[in-house]
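So the mapping is simple: the working numbering equals the position in the sequence shown, first residue as 1, plus 822.
From the three backbone atoms N, C-alpha and C, an ideal C-beta is built for every residue, glycine too.
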Amino acid sequence: MERLIANLLELSRLADHTTLTLSQFDLQTTVAELVMLMEGITFKRDITFDVQIDEAARYVLADAHDMTQVLQNLIGNAVKYNRDGGQVFITAQAAQPGEVRVTIRDTGIGIPPEKQRTIFEAFAQADTSTTRKYGGTGLGLAISSRLVELMGGKIDI
């Protein structure tokens with residue numbers, strides 16, 4: 823319940839077009855910290871990480887708090903919806919000047935093609951059986967999508 827309230831408050835904050843505080847953000851260090859935070863879950867489920875962040879993509883101009891939240895939501899989903907013994911692949915590469923492409927991929931259950939268009943909407947989940955089995959509020963991807971847009975980026979499947 824506490825997580826639902828926090829997510830609803832965050833979604834409300836984003837609706838007010840929050841002001842960002844952009845600074846140099848260390849993508850590599852933040853990803854490493856998030857991977858360590860999830861070690862308890864990943865160890866029990868034998869989920870491994872393969873992280874490859876190009877040196878040219880290590881530092882990005884972003885809001886540190888919001889970028890960390892996006893990464894936490896996406897990496898958390900990759901772990902949550904993964905299979906025991908699965909893998910999570912995280913890569914970052916320099917794209918066009920001033921842009922970085924971050925990819926988070928896993929060996930989990932996937933998202934059916936017919937649900938991929940709506941998965942970034944508030945309260946959207948792949949299906950109701952997913953909600954029952956894995957839990958969640960259906961707000962993490964909506965929040966992540968909005969934060970990425972506010973930082974001038976794009977999120978997709």
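Check	Outcome
For residue 909, the nearest candidate out of 893, 894, 916 and 873 (CA to CA)	873
CB contact flag (residue 884, residue 915, <8 Å)	no
Beta-carbon spacing of residue 871, residue 912 below 8 Å	yes
Helix, strand or coil at residue 939 [DSSP, three-state]	coil
Residue 923 - containing beta strand (DSSP E), residue span	922-928
Residue 883, enclosing beta strand (DSSP E) - first and last residue	881-885
Start-to-end residues for the alpha helix (DSSP H) that takes in residue 913	No alpha helix (DSSP H) holds residue 913; the beta strand (DSSP E) holding it covers 909-916.
Contacts around residue 900, its chain only, beta-carbon distance under 6 Å, and the 5 residues preceding and following it disregarded	910, 926 and 928
Status (buried if at least 16 other CB within 10 Å, exposed otherwise) for residue 966	buried
Buried/exposed call for residue 847, threshold 16 Cβ in 10 Å	buried
Residues bridged to residue 871 [DSSP beta-bridge criterion]	910
Buried/exposed call for residue 859, threshold 16 Cβ in 10 Å	exposed
Strand pairing of residue 845, partner residues [DSSP]	884
Residue nearest to residue 877 in terms of C-alpha spacing, selected from 974, 917 and 845	917
Simplified DSSP assignment, three categories, for residue 905	coil
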